[in-house]
Structure formats: C-alpha cells, structure tokens
Amino acid sequence: MDSQKNRREQIISAVKDRKGERRVLNCCTFKTEGSKSAILTSCRALGIDPDTSSYLAGMVPVTRGATWSLHDCIYGNEEKEREAVPGFENEMRSHDQLLDIAMGIEGLICGRSIHASAVYVFNEDFIAHNARMKAPNGVLTTQFNMADSDECGGLKMDFLTIEALDKIRLTMEQLIDAGYMEWQGSLRETYDKYLHPDVLDYETREMWDWVAENKVVDLFQFNTQTGLQAARRIQPHSLEELAAANSIMRLMVTEEGAEQPIDTYIRFKNDIGQWYDLMKTKYHLTDHEIEILEKYLKSNYGVGDTQEIVMEISMDKEIADFSVADSNKLRKSIAKKKPALQQAMKEQFFERGKENHASDNLLNYVWKEVVGKQLGYSFSKNHTYPYSAIGLQELNLAYHYPIIYWNTACLTVNAGADEESKGSKQSTDYGKVATSIAQMQKRGIKIQAPLINKAELGFKADEENNAILFALKSISGIGDDVVEIIRQARPFASFEDFYERMVATKLVKTGQMIQLIKAGCFDEFDENRVDLLYTIVRLCKCNLISSLTKSQLNRMQELQFMYPELNLIPDEVLDGIQVYNFSQYVKELKVVKKYIDPSRKMLKCGYHDEIIELDDRAMQFFINHYTEDSIYDVKDEHYLIYKKKFNKETEKKLEPLREYLANPNTLLKYNKALVKDEAKKVVTGTTSHMEMESLCVYVHEHELADLNRDEFNIVNFFNLSEEPVVASTYKRKVKRVENGQEIQEVKEFPKYFISKIWGTVLDKNKDRHTVTLLTPEGVVNVKYTKGAFLHYNKKTSIEESWFKRGQMIMVTGYRNGDMFRCYNYGDTIFKHTTSLITNIGEKGVEVMTERMREA
Numbered sequence: 000m001d002s003q004k005n006r007r008e009q010i011i012s013a014v015k016d017r018k019g020e021r022r023v024l025n026c027c028t029f030k031t032e033g034s035k036s037a038i039l040t041s042c043r044a045l046g047i048d049p050d051t052s053s054y055l056a057g058m059v060p061v062t063r064g065a066t067w068s069l070h071d072c073i074y075g076n077e078e079k080e081r082e083a084v085p086g087f088e089n090e091m092r093s094h095d096q097l098l099d100i101a102m103g104i105e106g107l108i109c110g111r112s113i114h115a116s117a118v119y120v121f122n123e124d125f126i127a128h129n130a131r132m133k134a135p136n137g138v139l140t141t142q143f144n145m146a147d148s149d150e151c152g153g154l155k156m157d158f159l160t161i162e163a164l165d166k167i168r169l170t171m172e173q174l175i176d177a178g179y180m181e182w183q184g185s186l187r188e189t190y191d192k193y194l195h196p197d198v199l200d201y202e203t204r205e206m207w208d209w210v211a212e213n214k215v216v217d218l219f220q221f222n223t224q225t226g227l228q229a230a231r232r233i234q235p236h237s238l239e240e241l242a243a244a245n246s247i248m249r250l251m252v253t254e255e256g257a258e259q260p261i262d263t264y265i266r267f268k269n270d271i272g273q274w275y276d277l278m279k280t281k282y283h284l285t286d287h288e289i290e291i292l293e294k295y296l297k298s299n300y301g302v303g304d305t306q307e308i309v310m311e312i313s314m315d316k317e318i319a320d321f322s323v324a325d326s327n328k329l330r331k332s333i334a335k336k337k338p339a340l341q342q343a344m345k346e347q348f349f350e351r352g353k354e355n356h357a358s359d360n361l362l363n364y365v366w367k368e369v370v371g372k373q374l375g376y377s378f379s380k381n382h383t384y385p386y387s388a389i390g391l392q393e394l395n396l397a398y399h400y401p402i403i404y405w406n407t408a409c410l411t412v413n414a415g416a417d418e419e420s421k422g423s424k425q426s427t428d429y430g431k432v433a434t435s436i437a438q439m440q441k442r443g444i445k446i447q448a449p450l451i452n453k454a455e456l457g458f459k460a461d462e463e464n465n466a467i468l469f470a471l472k473s474i475s476g477i478g479d480d481v482v483e484i485i486r487q488a489r490p491f492a493s494f495e496d497f498y499e500r501m502v503a504t505k506l507v508k509t510g511q512m513i514q515l516i517k518a519g520c521f522d523e524f525d526e527n528r529v530d531l532l533y534t535i536v537r538l539c540k541c542n543l544i545s546s547l548t549k550s551q552l553n554r555m556q557e558l559q560f561m562y563p564e565l566n567l568i569p570d571e572v573l574d575g576i577q578v579y580n581f582s583q584y585v586k587e588l589k590v591v592k593k594y595i596d597p598s599r600k601m602l603k604c605g606y607h608d609e610i611i612e613l614d615d616r617a618m619q620f621f622i623n624h625y626t627e628d629s630i631y632d633v634k635d636e637h638y639l640i641y642k643k644k645f646n647k648e649t650e651k652k653l654e655p656l657r658e659y660l661a662n663p664n665t666l667l668k669y670n671k672a673l674v675k676d677e678a679k680k681v682v683t684g685t686t687s688h689m690e691m692e693s694l695c696v697y698v699h700e701h702e703l704a705d706l707n708r709d710e711f712n713i714v715n716f717f718n719l720s721e722e723p724v725v726a727s728t729y730k731r732k733v734k735r736v737e738n739g740q741e742i743q744e745v746k747e748f749p750k751y752f753i754s755k756i757w758g759t760v761l762d763k764n765k766d767r768h769t770v771t772l773l774t775p776e777g778v779v780n781v782k783y784t785k786g787a788f789l790h791y792n793k794k795t796s797i798e799e800s801w802f803k804r805g806q807m808i809m810v811t812g813y814r815n816g817d818m819f820r821c822y823n824y825g826d827t828i829f830k831h832t833t834s835l836i837t838n839i840g841e842k843g844v845e846v847m848t849e850r851m852r853e854a
C-alpha cells in the first residue's frame, strides 16, 4: 500500500484502532557489519591509525550502490563478474590478525531498527505468533526479523510512502483554492474528475517534451541524476516509453567495458536493424528463433526491461517451457537479489531448455541479453506502469495548470514545511528548508520574500509574479501562534498600520518585528529594509528625549566620537564642553576649608563658601581659561579657589553651550545619533546578510557571489570531479603487529588534489561530524574528522562556534561523491583546513585562521 508520507502514521494507527493494539506490530530489522565497517571496527580494536584504516576501507569497491564483500575483494565473484581487488589481500594481511577479525565480524548483527514499510497484522493477540520489543525510538516491533516473522504467521502488509503523492495532494489543494479545480464533495471524487487515469492527457507532444527538457521539478522516479539523464537520453513520448525508461535506467551490467542496457535501448530505438544484427551475427539465431523473441521484445526495441518479460520468455514452450511456479521463482531470484537462487535457476533454465530442444545460441541469448541484465536489479510492471502513471499525473498538473503551483508543492514537501504536520508543533529544520530553496533557485525558480499580506504559514504560490512566497513559519523566531495572529489581522494598509495594531499592542514582540523586516515582509510597502529597521528602533528600542540638558553631555561626547559625520558637537561649542568637563572634575576635588565672611550675616549651614584646592592637572586649565576673581589663596603653588565664585564664572562661560543645547536642531541630531547607535545592533550587513539572519537562506544573491574568489583560490564544488583526484603519493611510517611484535614499516598512500570552497553554515550534525554549507552555487555537505569538528564547533566564553548557523567559512579538502571532505597536507598552499570569514567590507574579505584562546 503506497500512501502520502504525512499520512502513514495515521493509516497504521487506524489499523491498530480497527484490529486492536496487540494485534499490530511493526517489523524489526537488524543492522549487520558491512565489509567497510568491519575493516574500520577491526582497525580500531587493533590500534591501527585512522588514515590507514580509511585507506583500507577505501579499497573495497562499490558497484551500483552495492558494497563488495570481503570474500569478493579477495577471491572475486565469477557470477557477479567481479575480479579480486589487486593488492587488497596483501594490504590486509600486512596487519597481523586484521583480515581474520574483519571477516569474522562481517555480517554480524550490530544494531536494530524498524523496517521502512513492513507491518504484521494478526487475527489474535500477537503472543500467539510472535514476540514484541521496543525499538530505540519507543515504537513496538516484532522481536524476530522479517524472514522469521513470515514463518511465524500473520499477515504482512507493506505501508510504503511516496512523497510524490504528498506533492500531488498539495498541488490539488492549491489549485482548488486558486479556482482552477472545484471540490467535488470528497477527495476521491475530486481526484477522479481531474487526475484519474481515464481523464489524463496522454497525447500532447509539448508536454512530453518537458520530460526530456527537465522542466518539471521532481518528476516521480526521474528526479535523481540517473533519472534525469535517462529522461534526457530516452526522450519518452508515451506512457509506455516512460515506463520503459523507468525500468531500463535501473538495469546495469557489471562486466567491464560492456554496453549498458540504456545505451542498447537508445541504439536499437534509433535503428532497430542493429538488434537484428546482434541476434544474427553474434548469437547466430535462426529466423524462427528471432520470431520467437520478437513476440516478447520487439515492442520494447529488443530490450527486456521488466521481470514479467523474463517470466514470459522462460515459459515459452520453445525455450525453457517453465511452469508459472518456476518462472515466478526465477523472477523472485531477481526481485530479492538472491545470488544462490539465481545460480540454481540458471542451471535449471539451461537444463530445461536443452530438454526442450532449444539451441544453445537461443538459451545463451535469453540468459545473457534478457535475464542477465536484470540480475542486479529490475522493476516489475506492477511498479513501472503505476509509478509512471504517477509521473504522468504530475506532468498533467505541471503542464495544464500554472506550473508555479506544482513547484510550490515540491518545495513545501522537500523542505518539510507541509501544514499537514503543523499540529505536531515541530520546530523548523532550517538546514532542510535552505537546501530545498537553494535547489529551486538553482533551477531558476524565483523565491520571493514572505510579504505580510500574502504569505502563509507554509510556502505559497504567487501566480501573478510566477514566484514562490517564503513561508512565514520558516522565519527565525516566528512560531505558528504569531503567524495565526497576523493572518487573522490582515490586511494591513501600511507598515505604520502593522506597527499600531500588532507591535504597539504587544501582539507581536519588537524582536519578532525586526525579524519580519529583515525577512522582507514589508517590501510591498517599502523595500528599504534599513529605513524600516531605523523606524522600529526609534519607536521601540530607543529612549528618545524631549529636551537636552548638560546631563546628556557625556553621552553626547560618546556619540560624537562614534559618529563624527553627524557633527553633534561643532567647533564653536568645544570650549564650552571643555569648561563643563573641567567643572565636573573640580567638583570631585578636595574641599580644604569652609570660608566665613565676617562682614556678612551667618547662614544656616554655618559658612558662606567652600575653598577648593586645585591639583596639578586642574591648575593649567584654570590659568588658561579662568580669571583670578575666584582665587582665595596659593598653597604650595596650587590655587585655593572659592567654589561659588568659580561656579558663577563657569555658568557664564557655559551660556553659549546652553543655547546650543536648547536649539531644536541639536535635539534632533542627538536623537538621531541615539537611533543610529541602537540600530547598529540591529542593522547588520547587506540585505542578503539580513535574509540569512531571519530566513536562514538567501532570497537575493549570496553574500559571497560577487567577491574575488581568486584571492583565496576558491573553486566551485560542483565543477570538481566526483571522485578524488590523485595528485601524487606520499610515504609514511605505520605500525602493525605481527606474531605479537610491533613492527614499523613505510607505506605509500594516495595524495589527493586539495581545493578550497566557501559558503554560509546552514546546519551541522554533531553525530556525523558534518556541516551543511550553502555556497554561491548550491548546498554542499562537508565532512570533518571528529577532532576537527569538535575544535571548530566549540563555543567559548570569548567566541561563538564557527559552525553556528549564518557563519561564513572557507574549507579546504577534496570532493568525494556528493560530500566535501575537509582535509589538508603540510606542503599545500593552504595552511589551514578551515577559516572564519569575519567581515566583508570595502577592503574585501577579512578572515580568521586560528581560534581565539581563552586566558
């Protein structure tokens, strides 16, 4: 049973409700040690260094996703057309006991999990057939694996999920909301009217052209690199050809130099005569034997692409005359990829064929050209046609309706932002969102800022602008509850209207408002986000004053120093500022005497004035700026001054300053400086930088896109070879144990060509020691060693983690498949594996190559 991914748990829950909790169990799986894992585990146990263990594990080949066993690496495998890996056994045996231990633990159970689809349903309590346990995540599963559980009894059901169905459902909902489809009272009736196979368009050639041109995002089964290449090369223009492409792209022969089935199909499709030449010249088939094969293969240009064709040919009375049971046994050996059963069925096929008087040429052709090319993996028609029909439904949705609705559905599902899951209150996976958006942008699909009057909880199609509106929920710091408050209050007439109704009333916090501005939510009112940030700072973050007094002079001087362009303290009041600062200093000096004037009536305080002694620092300024009127006496070359007379003269000198402070323009400049100072905490970098802070993606261009990459030898990851390029080799001493003795020997290792990439950190995985990096060209996963990851990820009292979301870094290493492995050698031009980009300014890019050390 195939279903939407976001409905699988509901379906299983419904089965449990119907049958009873104790009558339904998920199937458990047991993880086993693979050949590579067995080598790494054994090396750790024997104390072999990580470089050597990685080198040895790297010698194990992987063919079409299948990792070779250690047995195949050493002895080869004739059936799978595998030859022993040169030098592998010698390398393994150079380390005492390593090969024996690795082969001993290969295949052993090392973990348990839950089967992706299998669920057992019983007609009575599970205890009558099976036993149960809890998986690591708490889900109840069988204690026995699938094979044993099948023997124990019970109905096994496969609850598979297909994200394509989520995308189709979401597209339908959007099209209904937009008025392109009408709800028919139920999902079934709506589906039947618009997407039932009986009503689909099978003929429009331009629609089929879109398959080869890769115009439809995530076309089901053709959204991988292999699928895209198959679609481009085969260029299907019918459901039958789409199904054939779906099957043929999965076929693969492992024989070195052999033509792949997809190449054979294309060659025969372009010139069917080449198929007949193959049968006549290589296999020497008779005309009658060719007629036998035409019944099964001619419609598919001579290529057997499905398991059913294998069954039909093997059952032909003039070939092997298999029974239905035998042909199905042959099919199962292919479907289940059981080498022993495949070998047994091969022997039976040739034996029965010879008994049936079929020629060796015909039997060899069938096994080599039809059966043999499916032994690695092949589809049945039960898969190819239904799955291809799903692809055709997607084609119809994308071609016959505005394609932006299909694109939006794909982005929503890929980013994990489907509103069907919002009840779980799951936190936003910003790394997944950013990766999905970057992939869309790479295809030229426009992603628009989440406009406050249009955006929804999830991504939304903006048909008018042929763009996808960013999801409000995906803005950092904006939760479902805030989104719902905003939706209920819409529409907003202006930025000021939003502020008055949402922020001033405290329905939306100031910090959330800042995030909305940075995300571009108010671009429909004013695209200058910096101006809007200044406005909100002025309204919410600053304590603006209504009048200036001398008490603000200290703050004014600070602001003048930080923002000289505001000319907050012009030259004409500098003397007044100095006098004010001097008077404040004098206030702190020691009062040496209480002065009493005999000619005056005594005051309540008991004296008429206070006498202050000026120190060395005060003397020079007093001599240069004050008269002698306030001098009382001289002591040890220091003036003793009357405090009141000094203050009187000071007040007179401060008159111009008081007038300046009373000027409305001065107050305006001061408040402007306050706003500017507070805004610098909020207004950080370019529009792109603010988008990364709020959206964790770039709607506009990447911050690093237009910078000089040659200065740092930066390359495009996607232009690098998928396999590491060996630049040279290097030798170093390694330790091994032989007969209980530790031996040092010199080993030669490949030295890979090292490159450098840069980008913005989106996410990190502490368990796998990986960092998701958004480069200007796309998303790259960077793999670190455990030690390097811990070093750069550490947060200290004086420095944030270099892997914090939004940080920009440079990384050296080499590409290995879809991963960039952080690595370096001592003699390369790069001195550090990772550098932190600290600033992008007029002078270019500033970097930090070493972490800051705590005192």
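The opening position of the sequence shown corresponds to residue 0 in numbering that gives the first Met the number 0, with each subsequent residue numbered one higher. Every residue gets a Cβ at the ideal spot worked out from N, C-alpha and C, and that includes glycine. Note that the structure is predicted; figures quoted are calculated from it, not measured.
Whole-angstrom distance between residue j and residue i, CA atom to CA atom
{"i": "Ala466", "j": "Met206", "result": "21 Å"}
{"i": "Pro775", "j": "Ile808", "result": "12 Å"}
{"i": "Asp1", "j": "His382", "result": "11 Å"}
{"i": "Ala83", "j": "Leu55", "result": "15 Å"}
{"i": "Gly178", "j": "Asp496", "result": "30 Å"}
{"i": "Gly777", "j": "Ala437", "result": "6 Å"}
{"i": "Ser423", "j": "Lys517", "result": "Confidence at Ser423 is low in this model, with a pLDDT of 46, below 50, so its placement is unreliable and the value that follows should be read with caution. Near 27 Å, if we compare the C-alpha coordinates of Lys517 and Ser423."}
{"i": "Gly137", "j": "Glu162", "result": "25 Å"}
{"i": "Asp320", "j": "Tyr275", "result": "24 Å"}
{"i": "Asn566", "j": "Gln559", "result": "7 Å"}
{"i": "Asp676", "j": "Gly840", "result": "19 Å"}
{"i": "Val502", "j": "Phe378", "result": "58 Å"}
Own chain residues within Cβ distance below 7 Å of residue i, not counting five before or after
{"i": "Lys133", "result": "Leu139"}
{"i": "Gly152", "result": "His128"}
{"i": "Leu538", "result": "Tyr498"}
{"i": "Lys421", "result": "For Lys421, the predicted model reports a pLDDT of 43, less than 50, meaning its position is unreliable and no value from the coordinates is stated."}
{"i": "Val120", "result": "Val14, Lys18, Arg22, Val23, Gly153, Leu154 and Met156"}
Backbone secondary structure at residue i - three-state DSSP
{"i": "His382", "result": "helix"}
{"i": "Gly430", "result": "helix"}
{"i": "Asn395", "result": "helix"}
{"i": "Cys27", "result": "strand"}
{"i": "Gly422", "result": "Residue placement at Gly422 is flagged as unreliable, the pLDDT there being 46, under the threshold of 50; the coordinate-derived value follows with that caveat. Residue state, collapsed to three classes: helix."}
{"i": "Ala146", "result": "helix"}
{"i": "Trp405", "result": "helix"}
{"i": "Ile157", "result": "Looking at the sequence provided, one finds Asp at residue 157 rather than Ile. The answer is strand: DSSP assigns Asp157 an E or B state."}
{"i": "Asp766", "result": "coil"}
{"i": "Ser41", "result": "helix"}
{"i": "Ile640", "result": "strand"}
{"i": "Cys821", "result": "strand"}
Close-in-space but distant-in-sequence residues of the same chain around residue i (CB under 6 Å, 5 per side omitted)
{"i": "Asp16", "result": "none"}
{"i": "Asn222", "result": "none"}
Element boundaries [alpha helix (DSSP H), containing residue i]
{"i": "His834", "result": "Checking the sequence, you will find Ser at residue 834 rather than His. No alpha helix (DSSP H) contains Ser834, which is instead part of the beta strand (DSSP E) from Thr833 to Gly840."}
{"i": "Val323", "result": "Val323 to Ala334"}
{"i": "Gly786", "result": "Lys785 to Asn792"}
{"i": "His287", "result": "Asp286 to Leu296"}
{"i": "Asn360", "result": "Asp359 to Tyr364"}
Beta strand (DSSP E) segment containing residue i, residue limits
{"i": "Ser116", "result": "Ile108 to Val120"}
{"i": "Tyr631", "result": "Ile630 to Lys634"}
{"i": "Lys133", "result": "Arg131 to Lys133"}
{"i": "Phe621", "result": "Unbroken run through Phe621 is the alpha helix (DSSP H), Asp615 to His624; no beta strand (DSSP E)."}
Counting Cβ pairs closer than 8 Å, one from the stretch 695-703 and one from the stretch 577-587, do we hit at least three? no
Taking 8 Å as the threshold, find out whether the stretch 39-46 comes into contact with the stretch 97-112 through three or more Cβ pairs. yes
Below 8 Å, how does it come out for the stretch 593-612 and the stretch 631-641: are there three or more Cβ pairs, yes or no? yes
Three CB pairs or more closer than 8 Å across the stretch 373-389 and the stretch 301-317: yes
Quick one: any contact between the stretch 247-260 and the stretch 372-379, if contact means 3 or more CB pairs under 8 Å? Yes: the two stretches touch, three or more of their Cβ pairs being nearer than 8 Å.
Would you check if there are 3 or more beta carbon pairs closer than 8 Å linking the stretch 433-447 to the stretch 390-397? Touching, no, given that fewer than three Cβ pairs across the two stretches are closer than 8 Å.
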